[in-house]
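Novice:
Have a look at this one:
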């Protein structure tokens with residue numbers, strides 16, 4: 034726009050100061066008189082508005098704004114005509130008005146976010162009091178009540194999350210802290226043996242090959258470096274690197290028949306962030322002993338097919354259009370579900386949102402994992418319907434990072450886990466019977 038210069042200021046137009054680079058960029062060498070004349074002219078234009086007319090729209094000042102400085106043409110160019118000057122003035126006023134409108138909108142958006150954050154913090158604080166003083170002391174009698182289930186759905190306060198997870202997962206394996214220390218010591222001896230000789234000297238764990246144990250140890254080392262890399266706490270030198278290594282190593286000694294499977298590091302890491310080391314191991318071992326997790330981590334193909342078949346029953350029931358779109362490309366659930374189930378969504382979703390999914394998973398069990406998957410598909414249904422096989426697979430492997438808990442749980446709520454009056458457990462059982470046939 035002739036006669037207008039765009040510059041960034043702090044809330045109001047300030048006097049334009051010429052840094053040294055300005056004269057270099059524009060190739061203009063101002064004489065001292067010309068510079069004074071220029072700055073005087075700009076200074077008149079940019080006088081601050083009187084205090085009485087200052088904007089009162091905000092409770093806090095915006096960090097920055099975009100303003101336009103209306104200038105006359107340089108003296109070496111023909112002066113603007115009256116018509117042109119009026120047109121430029123009108124365009125200038127429109128641009129400033131639009132900038133102010135955007136500024137007001139952004140300020141309101143930030144204010145809304147702040148209010149929501151304060152409200153969320155207040156809700157968490159009040160919920161924490163209820164969990165600590167009422168629910169946890171009476172866990173067995175209150176855990177299944179309607180009030181607790183509704184409060185649970187809203188998300189657990191971080192301060193009680195680990196404790197509730199531990200209670201919900203349980204300890205059917207009767208693992209003690211002392212037993213964890215035994216398997217941790219055994220793992221350390223094994224690492225030392227591998228480190229010194231490159232081979233393992235003991236002959237325990239009959240039925241598990243040396244190659245399998247070596248592969249587990251190497252895979253643990255590799256996988257830890259790729260666990261929540263953006264947090265920089267599990268990588269070598271990070272505060273939780275050794276702890277995660279210990280929990281995973283102890284598990285491979287505790288369950289050599291399962292060993293280490295890629296994806297376990299994410300589950301262990303989430304538990305470590307919410308529990309003490311030994312308690313994290315106890316929850317980890319018991320969680321992986323659940324039927325669904327055991328089927329996937331032992332790569333039990335028949336059981337995995339059962340889960341995929343049951344998932345597709347509810348997929349077709351809730352999202353028929355998207356279901357048939359996937360079928361037209363022969364896109365099967367294993368392409369995207371395996372990664373989601375292996376890591377319990379902790380790799381696919383933002384960490385805070387994944388923890389919220391874990392909250393309800395600990396309440397509802399495996400059914401909620403597949404319900405969450407359908408909720409994700411519902412969020413992006415319109416987008417996925419426009420994609421082909423390759424793009425769908427890529428999209429579901431790496432979900433957008435801007436997904437919110439409100440949107441996801443709203444979509445999860447809309448998913449009905451009932452087909453012909455049969456619930457998840459009944460459908461999955463019937464799927465198992467016809468798969469065996």
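In the numbering used here, the protein residues as written are 34 to 470. From the three backbone atoms N, C-alpha and C, an ideal C-beta is built for every residue, glycine too.
Measure the CB-CB distance between residue 337 and residue 343 and report whether it falls below 7 Å.
Specialist: Position 304 of the chain shown, counted from the start, is the residue given in the question as residue 337. Position 310 of the chain shown, counted from the start, is the residue given in the question as residue 343. Cβ distance not < 7 Å, so residue 337 and residue 343 don't count as in contact.
Novice: Mapping the DSSP letters down to three states, classify residue 295 as helix, strand or coil.
Specialist: Taking the first residue of the chain shown as 1, we reach residue 295 at position 262. The answer is coil: DSSP assigns residue 295 none of H, G, I, E or B.
Novice: What do you get for residue 270, buried or exposed, if any count of 16 or more other CB atoms within 10 angstroms of its CB means buried?
Specialist: Within the chain shown, the letter at position 237 stands for residue 270. Residue 270 comes out exposed.
Novice: Is DSSP giving residue 456 helix, strand or coil here?
Specialist: For the purposes of this step, residue 456 is taken as residue 423 along the chain shown, with counting starting at 1. Strand.
Novice: Which word fits residue 62, buried or exposed, when buried means at least 16 other C-beta atoms lie within 10 angstroms of its C-beta?
Specialist: Stepping through the chain shown from its first residue, residue 62 is reached at position 29. Residue confidence is low: residue 62 scores 42 on pLDDT, short of 50, so the model does not pin down where it sits. Its coordinate-derived value is still stated next. The residue in question, residue 62, is exposed, as its Cβ has fewer than 16 Cβ neighbours within 10 Å.
Novice: Within the chosen definition, does the segment 434–453 reach the segment 402–414 through at least 3 CB pairs nearer than 8 Å?
Specialist: The segment 434–453 is in contact with the segment 402–414.
Novice: For residue 448, which of 121, 297, 408 and 215 has the nearest alpha-carbon?
Specialist: Locating residue 448 in the chain shown gives position 415, counting from the first residue. That would be 408, whose Cα lies nearest to the Cα of residue 448.
Novice: Go through its chain and collect everything with a Cβ distance to residue 376's Cβ below 7 Å, but skip five positions before and after it.
Specialist: Counted from its first residue, the chain shown places residue 376 at position 343. Closer than 7 Å at the Cβ level, and outside the excluded window around residue 376, lie 296, 299 and 300.
Novice: Contact defined as beta carbons within less than 8 Å: I believe residue 372 pairs with residue 430. What is the distance between those atoms, to the nearest angstrom?
Specialist: As a first step, residue 372 is located in the chain shown; it is residue number 339 there, counting from the start. As a first step, residue 430 is located in the chain shown; it is residue number 397 there, counting from the start. Going by Cβ atoms, the distance from residue 372 to residue 430 rounds to 7 Å, so yes, they are a contact pair.
Novice: Could you check where the alpha helix (DSSP H) with residue 361 kicks off and where it finishes?
Specialist: Stepping through the chain shown from its first residue, residue 361 is reached at position 328. Where residue 361 is concerned, the enclosing alpha helix (DSSP H) stretches over 353–361.
Novice: Which of the three DSSP states, helix, strand or coil, is assigned to residue 123?
Specialist: Mapped onto the chain shown, residue 123 falls at position 90. Looking at residue 123 - three-state DSSP - the assignment turns out to be helix.
Novice: With distances taken from CA atoms, which of 361, 320 and 353 is nearest residue 391?
Specialist: Against the chain shown, residue 391 aligns to sequence position 358. For the residues 361, 320 and 353, the minimum Cα distance to residue 391 belongs to 320.
Novice: If you draw a straight line from the alpha carbon of residue 181 to that of residue 174, how long is it in whole angstroms?
Specialist: The sequence position of residue 181 within the chain shown is 148, counting from 1. The sequence position of residue 174 within the chain shown is 141, counting from 1. Rounded to whole angstroms, residue 181 to residue 174 spans 10 Å at the Cα level.
Novice: Confirm, please, whether the CB-CB distance from residue 280 to residue 313 is below 7 Å.
Specialist: Against the chain shown, residue 313 aligns to sequence position 280. Against the chain shown, residue 280 aligns to sequence position 247. Closer than 7 Å, so yes.
Novice: If you drop the 5 nearest sequence neighbours on each side, which residues of the same chain put their C-beta closer than 7 Å to that of residue 293?
Specialist: Position 260 of the chain shown, counted from the start, is the residue given in the question as residue 293. Correct list, in chain order: 249, 252, 253, 281 and 285.
Novice: Mark residue 146 as exposed unless 16 or more other C-beta atoms lie within 10 angstroms of its C-beta, in which case mark it buried.
Specialist: Position 113 of the chain shown holds residue 146. Per the 10 Å Cβ criterion, exposed.
Novice: Unbroken alpha helix (DSSP H) runs of length 4 or more, entirely within the segment 123–195: which are they?
Specialist: If we require 4 residues or more, the alpha helix (DSSP H) runs fully inside the segment 123–195 come out as 172–175 and 179–186.
Novice: Reducing DSSP to helix, strand and coil, say where residue 449 ends up.
Specialist: Locating residue 449 in the chain shown gives position 416, counting from the first residue. The answer is coil: DSSP assigns residue 449 none of H, G, I, E or B.
Novice: How many Å lie between residue 356 and residue 209 at the Cα?
Specialist: Position 323 of the chain shown, counting from 1, holds the residue named residue 356. Position 176 of the chain shown, counting from 1, holds the residue named residue 209. Straight-line Cα distance between these residues: approximately 46 Å.
Novice: In three-state terms, what does DSSP make of residue 392?
Specialist: Reading the chain shown from its first residue, position 359 is the one you call residue 392. It is helical.
Novice: What did DSSP end up calling residue 264 once you bin it into helix, strand or coil?
Specialist: Counting from one through the chain shown, the residue named residue 264 turns up at place 231. DSSP places residue 264 in helix when its eight states are reduced to three.
Novice: Using only the alpha-carbon positions, how far apart do residue 398 and residue 288 sit?
Specialist: Residue numbering aside, residue 398 sits at position 365 when the chain shown is read from its first letter. Residue numbering aside, residue 288 sits at position 255 when the chain shown is read from its first letter. For residue 398 and residue 288, the distance between alpha carbons rounds to 22 Å.
Novice: Only counting the same chain, and skipping five residues up and downstream in sequence, which positions put a Cβ closer than 6 Å to that of residue 307?
Specialist: In the chain shown, counting from the first residue as 1, residue 307 sits at position 274. Closer than 6 Å at the Cβ level, and outside the excluded window around residue 307, lie 194 and 195.
Novice: What's the call for residue 360, buried or exposed, on a 16-neighbour Cβ count within 10 Å?
Specialist: In the chain shown, residue 360 corresponds to position 327, counting from 1. By the 10 Å Cβ count, residue 360 comes out exposed.
Novice: Pick from 202, 160, 148 and 462: whose alpha carbon is nearest that of residue 188?
Specialist: Walking along the chain shown from the start, residue 188 turns up at place 155. For residue 188, the nearest C-alpha among the options comes from 160.
Novice: Whole-angstrom Cβ separation of residue 341 and residue 370, contact assumed at under 8 Å?
Specialist: Mapped onto the chain shown, residue 341 falls at position 308. Mapped onto the chain shown, residue 370 falls at position 337. Right, the Cβ-Cβ distance comes to about 7 Å (below 8 Å), so this counts as a contact.
Novice: Under DSSP, the alpha helix (DSSP H) around residue 374 begins and ends at which residues?
Specialist: Position 341 of the chain shown, counted from the start, is the residue given in the question as residue 374. Its alpha helix (DSSP H) spans residues 367–376.
Novice: Which two residues bound the contiguous alpha helix (DSSP H) that contains residue 324?
Specialist: As a working note, residue 324 is residue 291 in the chain shown. Element bounds for residue 324: 324–330.
Novice: Do residue 423 and residue 417 count as a contact pair if the criterion is CB distance below 7 Å?
Specialist: Position 384 of the chain shown, counting from 1, holds the residue named residue 417. Position 390 of the chain shown, counting from 1, holds the residue named residue 423. Contact flag unset, no.
Novice: So, under 8 Å CB-CB, residue 302 and residue 277 are touching, yes? Tell me the CB distance rounded to an integer number of Å.
Specialist: For the purposes of this step, residue 302 is taken as residue 269 along the chain shown, with counting starting at 1. For the purposes of this step, residue 277 is taken as residue 244 along the chain shown, with counting starting at 1. Sure, about 6 Å apart at Cβ, within 8 Å.
Novice: Please tell me whether residue 445 and residue 396 are closer than 7 Å, where the distance is taken between their beta carbons.
Specialist: Counting from 1 along the chain shown, the entry for residue 445 is found at position 412. Counting from 1 along the chain shown, the entry for residue 396 is found at position 363. No, the pair does not count as a contact, with Cβ atoms beyond the cut-off.
Novice: For the alpha helix (DSSP H) holding residue 319, just list the boundary residues, first then last.
Specialist: Within the chain shown, numbered from 1, the residue matching residue 319 stands at position 286. From DSSP, the alpha helix (DSSP H) with residue 319 extends over 310–320.
Novice: Thinking residue 184 and residue 163 are a contact (beta carbons under 8 Å), I'd like their distance in whole angstroms, please.
Specialist: Residue numbering aside, residue 184 sits at position 151 when the chain shown is read from its first letter. Residue numbering aside, residue 163 sits at position 130 when the chain shown is read from its first letter. Sure, about 7 Å apart at Cβ, within 8 Å.
Novice: Excluding sequence positions up to five away, which residues of its chain have a Cβ less than 8 Å from the Cβ of residue 199?
Specialist: What you label residue 199 is simply residue 166 of the chain shown in a count that begins at 1. Taken in chain order, the residues that qualify are 308, 312, 315 and 316.
Novice: Measure the CB-CB distance between residue 318 and residue 206 and report whether it falls below 7 Å.
Specialist: Looking up residue 318 in the chain shown gives position 285. Looking up residue 206 in the chain shown gives position 173. For residue 318 and residue 206, yes; Cβs fall inside 7 Å.
Novice: Exposed or buried, residue 215, counting other C-beta atoms within 10 Å across all chains shown (16 or more means buried)?
Specialist: To locate residue 215, count along the chain shown from 1; it is residue 182. Label assigned to residue 215: exposed.
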